[in-house]
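Take a look at the structure below.
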Amino acid sequence: MRITQVNTQNLSPSDLAIAEAAFASVAEEMGESLTRSAFSPNIKERRDHSCGVFSSDGSLIAQAAHIPVHLGAMPMTVRTVIDMAPFYKGDIIALNDPYKGGNHLPDITTVAPIFYDERLLGFAATRAHHADIGGMTPGSMPVATELLQEGLIIPPIRLVDAGKISQPAWSIILRNSRSPGEREGDLRAQLAATSLGIERVQSLVARFSPEGVQTRFRAMLLHGERVIREVISKIPDGVYEAEDFLEISEGGKIRLSLKVKNHNLYFDFEGTDPESRTTSLNAVAQVTESACYYAVRSLAPLDTPTNEGCYRPVHISLPKKSIVNASDPRAVSAGNVEVSQRITDVALKALSKALPEIIPAASSGTMNNITIGGYDSRRKRSYAYYETLAGGAGGGPQRAGRSGVHTHMTNTLNTPVEAIPLAYPFSIERYELRTGSGGRGQNPGGEGLIREYLFYEPATVTIISERRKLQPWGLAGGGDGASGVNRLIRANQKEYELAARDTVQVDSGDRIIIETPGGGGFGSAGIS
Amino acid sequence: MTSEIDNAVGVDVGGTFTDFLFLINGKYSVRKIPTTTDDPSIGILQGLRELQTDLSRVAHGSTIATNALLEKAGARTALVVTEGFKDILEIGRQARGNIYELEPAPPNLLVPSELIIQFPGKLTTDGEVKSYVKEELYKTIIHNTIENKIDALAICLLFSHKNTFFEAKFREVYEEIKKELTTITLPYLSISSEVSPEYREVERASTTVLNAYVGPIMSTYLSKLEKSLEQLQSSTSPPTLHIIQSDGGAATRSQIEKLPISTLLSGPAAGVNGAFSIAKAVDEEQIITLDIGGTSTDIALCNKELPYRTNLVIEGIHARTPVVDIHTVGAGGGSIAYIDTGGALRVGPRSTGSFPGPACYGNSRDLSSPAFSVTDAHALLGRLSQDHFLADSLKIDISESERAADPFLSVFNDRFEVAQAVIDVTNANIERAVRVVSVQKGFNPNEFTLVPFGGAGPLHACDVAESLNIDKILIPPSPGVLSALGALQSGQTLTIGQSILRAMDEKNIHSILSDLQQTVEIIRDRLRSKETRYRAVLDLRFTGQSHEIGVTINNADRTSIEMLLVAKEEFVERHGDLYGHSGYDVEIANIRVTGFFETEFTSPKSIFSDRRADQTTPIISEYCNAIFHGKSERVPIYQRTALNPQDQIAGPAIITQLDTTTLITPDWMGRVDIQGNLNLLKKGR
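Chains as they are written, first to last, in the numbering used here: chain B, 718 to 1245; chain E, 658 to 1342.
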């Protein structure tokens, strides 16, 4: 073991580790509070949320993220909010505007200043995916061409003003959702988690002193930066290029030139197609950044902290008004869930040229988003339901791809088959692996899965999926994974193939079957 | 069983030693013998032989089920699932364990895919039979498992929590075949509606399968152990055999044979139970237990009762079974320190294990760069008295600890600083884990007494208490045999749960009450004792939520409508306290009723030899030099066995005993109470 001395702001290696444990613990406690007290299955069961602590200049200090797509997006959010200074004790700012710090409209973020003795020391923030925030179709993930169609846009507003909830804002938000009761419970859970974060950071300030906290923040950021530079130092210097495609008729190319030089990574997306005017397959800049950070982070050791220092060696250049850097008023709901997966594919494909012994073949590359909404006559209420379906992981240098598992930018849980009929007028009739969908290879790709829905009442179903034509690529001679299929079977047994992005009205007795893509295979041996 | 537990023994089978705690004619005695790993019952019998007195009860913390799972040595298991859902276990909850893992690790599957049988009978989502099957099918499935030499059969069908029709039929046909085929051993049968009759199919299937997987090995073990016990005492009837369950309660052989999954946390639960019973005996009812072993630390918070949860994930497998809520973190005496690539000091989760162990054990002399562990840090700081460590059974070699610390000298000024830093980081990791069971659940650690045990608990207690603002520590007389004590003191428990899934409103309140009463009756019928008491846990949530909060009703056999309404109020209040918002429609998801007999606690003070209670100047056996935050101090060493009630010891001090070393840091002082516990208090409080 060789140990060399590094700049830790005069903080000992142990004080540094202790500070990281303490602030990570705050983020965890916020996340735990949010999970337990939220209402919608999407936040509670699927944990589609994240919580973070930020320094006073908006640098991410610690984050409890269950979902990588939230990784890079929060710092931008907090920086946007900082422009709203001055702050007062008890302020909580809420927003979902993708062009002002948000990801996509269903993700509502709360940010609150943390004061200690009248001094602004940092921010606590939560982000959670709400099951419905209005828009064209239930679930707010419509097949849209413009942001306004996707739901209520909340620019950064003081939802809680010096400790008092703004009733007008509160009622506008609830009135614009198809499930206002659930929104209220979820939002209150976010406010409670935010307040908890403030309290916990204040108690750490009491322990470390305000100056001690500033020193620790600086040391922690430097620490994250060093860990990632160490990771980058293992990647041979050079320029690595890759491209992949989204299924957009007017052009869905994502192109990346990745330069590795002097312990820095330069992601350049020049050559990527312009933003889509006909679909919501547009990523805002912070979603693209999240995908790049995820790719880098996945190369780092397990004990790597999650703070903004980790991102300092990562430089990202995005062409304006492109699918990886969309601009107002483009629709973006699929940017978060679908474009982010393809950006990850491209980033990993480029990295595979530098690190062939580490990077696996493409995984399913889509979250297979399905939203279902309508009026539930049995429970006498309207509802909106959202879930995503896993697929196959790509085979890799180490092992075969895992089957039926969420990969890369998401890791949300499924909703139990026995839980769905408790709250919604539809059921799952089949849920199993899709045999033969994984790409062949020495280490074959994982299988996708099949999920069959049976409806008991009329409902609107929206599917946002990808890899319905283009297949997840194999690597090192491995075969491609099978692309996915969406089907509608009417009560009279007539069958229709649905598009990758589609909205249909279903009736009682109709079924929808989704078959998700398999992962690509790795290595040519074993292919006959 | 009555409340007397005289002439009984509590046994805890650990990785290295099997601990026995005897209570014979009102006196306690301890015995430790090496564990016979291949068949722990041999070691148990060894420990019980040569006893002069006949035993009335042997209560035993068992690791049989846990080890079968860890070593993948369980039964060849087949699973019957609803058609269309064959991959229920492989898909699981469709998530990966580590979000940054580029190649997600495969799930831990206990049933090979060729042994998954799809069953065409279906229920509607309301539990009505949608498609029937011929009776022949049940027979064929069971006969096929016999022919294919399958050891265990698990049955988990969708919506069987609403209607057991198909699953009950499997039971019926199985029992018929069993009657016909008297010469053939049928596979072990584990049925979801019997094992875990609550909704959420993945967890129910996984629980049912795991129960099947460990069933046969547990049955074999129990029958062997009981036979040996029968031969042990020729003169009288054999002692009653009880196995400790994960909820800390004991169960009979037949109970465990049906539900071996209930023993997964047997030993750790008994440990918490033992710690809690010792604390209760001196009126400390709010404690945080801190069990620091070689590779990990177990933490539990008892707020006037043992903490329970209804599920655990073990080796990636969901097991829905009542367990003492124990939080485990990878920090222990053997945890290895290193500087990460960014310059921060990390400790664990990697551990030196039992071999080579910490560098100071001397087994790493051949290595050019031995690992530096937490125990080495204690050794360097002079806290492990060279001559008394592990009661002379092990000499420690400080020069090896020094050698292991040397690589860290590039970032620290001296070895003492290295050692102190490693202890500080370890304590921070433990503190974070204590927060998970306390602060994250709405408790203030300051209101609790810390009860450290395990090999290293009493070494870290003062520092951990300080960082959590805890000002009271209670160290049991024999911190190393608490699991055996917990087993000895355990009362019998039987828990039955069911899914209710109803709005808790006026319309339903009567049916909820009658469901609860029915469950009480089932338990009453099975336990058949007048002394049984009943405790119900209602899993409540607001309509639309999917996480429940358990609200307890004591004396559940006398539950009234009013009590149910009080429970509902309590839930609303607790949700508000915990999460800052409350007040929506309430629904009930599950009811879980536990029947239990309690035993009366007998103080273990007689673990010591007789001595006077007025002698207040404890004997110092010797002095050593120990370092506290860079300052060397002359520290007295005491023998725990030589301490008397009322003895007072001012920190800094070291107290050694067979199974652990206690460190009293300079800001603390100790006092021995009448039960032989060592109480540590912050000076000046």
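Here a beta-carbon is modelled for each residue, glycine too, at the ideal position from N, C-alpha and C.
Contact list for residue i against chain E, beta-carbon separation under 7 angstroms
i: Glu-749 (chain B); result: Gln-1097
i: His-766 (chain B); result: Within 7 angstroms Cβ-Cβ: nothing; His-766 (chain B) doesn't reach chain E, min ~13 angstroms.
In DSSP terms, what residue i is bridged to
i: Trp-887 (chain B); result: Answer is none; Trp-887 (chain B) lacks a bridge partner.
i: Gly-1010 (chain E); result: DSSP, once it has assigned bridges, lists no residue as partnering Gly-1010 (chain E).
i: Arg-1192 (chain E); result: E:Asn-1211, E:Thr-1251
Buried/exposed call for residue i, threshold 16 Cβ in 10 Å
i: Asn-1247 (chain E); result: buried
i: Ile-870 (chain B); result: buried
i: Thr-673 (chain E); result: exposed
i: Val-970 (chain E); result: exposed
i: His-1232 (chain E); result: buried
i: Arg-1168 (chain B); result: buried
i: Val-1223 (chain E); result: exposed
Interface residues of chain B facing residue i [CB-CB closer than 7 angstroms]
i: Leu-1158 (chain E); result: Leu-1139
i: Thr-782 (chain E); result: Pro-1138, Ser-1144
i: Tyr-965 (chain E); result: What Tyr-965 (chain E) touches in chain B: nothing, since even the nearest Cβ is about 17 angstroms away.
i: Glu-858 (chain E); result: Pro-1133, Val-1134, Glu-1135
i: Asp-1081 (chain E); result: Ser-731, Ile-735
Interface flag, residue i vs chain E, CB-CB below 9 angstroms
i: Leu-865 (chain B); result: no
i: His-847 (chain B); result: no
i: Phe-925 (chain B); result: no
i: Tyr-1092 (chain B); result: no
i: Leu-1130 (chain B); result: yes
i: Ala-1067 (chain B); result: no
i: Val-723 (chain B); result: yes
i: Arg-1147 (chain B); result: yes
i: Ser-754 (chain B); result: yes
i: His-821 (chain B); result: no
i: Asn-727 (chain B); result: no
i: Ala-1008 (chain B); result: no
i: Thr-1021 (chain B); result: yes
i: Tyr-1011 (chain B); result: yes
i: Leu-837 (chain B); result: no
i: Ser-1015 (chain B); result: yes
Cutoff 9 angstroms: residue i Cβ touching any chain B Cβ
i: Ile-1264 (chain E); result: Note that Ile-1264 (chain E) scores 45 on pLDDT, short of 50, meaning its location in the model is unreliable and no value can be drawn from it.
i: Leu-815 (chain E); result: yes
i: Tyr-1241 (chain E); result: yes
i: Ile-1127 (chain E); result: no
i: Val-1068 (chain E); result: yes
i: Gln-1077 (chain E); result: yes
i: Glu-1088 (chain E); result: yes
i: Val-1093 (chain E); result: yes
i: Ala-907 (chain E); result: no
i: Ala-1085 (chain E); result: yes
Partners in chain E for residue i, counting only beta-carbon separations shorter than 8 angstroms
i: Ile-1229 (chain B); result: None at all; the shortest Cβ gap to chain E is about 15 angstroms.
i: His-1123 (chain B); result: Gln-751, Ala-752, Arg-753
i: Arg-943 (chain B); result: Thr-998, Gly-999, Gly-1000
Amino acids of chain E, ordered along the chain, whose beta-carbon sits closer than 9 angstroms to that of residue i
i: Ser-1050 (chain B); result: Those do not exist, as Ser-1050 (chain B) stays about 21 angstroms from chain E at its closest Cβ, beyond 9 angstroms.
i: Leu-1150 (chain B); result: Lys-743, Asp-744, Glu-747, Ile-748
Chain C contact for residue i (CB, 9 angstroms cutoff)
i: His-1232 (chain E); result: No chain C is present in this structure, whose protein chains are B and E.
Checklist entry - Listed from N- to C-terminal order along the chain, which residues in the segment 995–1009 of chain E have their beta-carbon within a distance smaller than 9 angstroms of any beta-carbon of chain B? => result Tyr-995, Ile-996, Asp-997, Thr-998, Gly-999, Gly-1000, Ala-1001, Leu-1002, Arg-1003, Val-1004
Checklist entry - Just by C-beta distance, which residues in the segment 718–746 of chain E are closer than 8 angstroms to chain B? => result Gly-741, Phe-742, Lys-743, Asp-744, Ile-745
Checklist entry - Taking Cβ-Cβ distances below 9 angstroms as the criterion, which residues of the segment 755–770 of chain E are in contact with chain B? => result Asn-755, Ile-756, Tyr-757, Glu-758, Leu-759, Glu-760, Pro-761, Ala-762, Pro-763, Pro-764
Checklist entry - In chain order, what residues of the segment 847–879 of chain E put their CB closer than 7 angstroms to some CB of chain B? => result Tyr-856, Arg-857, Glu-858, Val-859
Checklist entry - What residues in the segment 787–816 of chain B bring their beta carbon closer than 8 angstroms to a beta carbon of chain E? => result none
Checklist entry - Quick one, which residues of the segment 815–834 of chain E are near chain B if we go by CB-CB under 8 angstroms, in chain order? => result Leu-815, Phe-816, His-818
Item to check | Selection of the segment 980–997 of chain B by Cβ proximity to chain E, strictly under 8 angstroms | outcome: none
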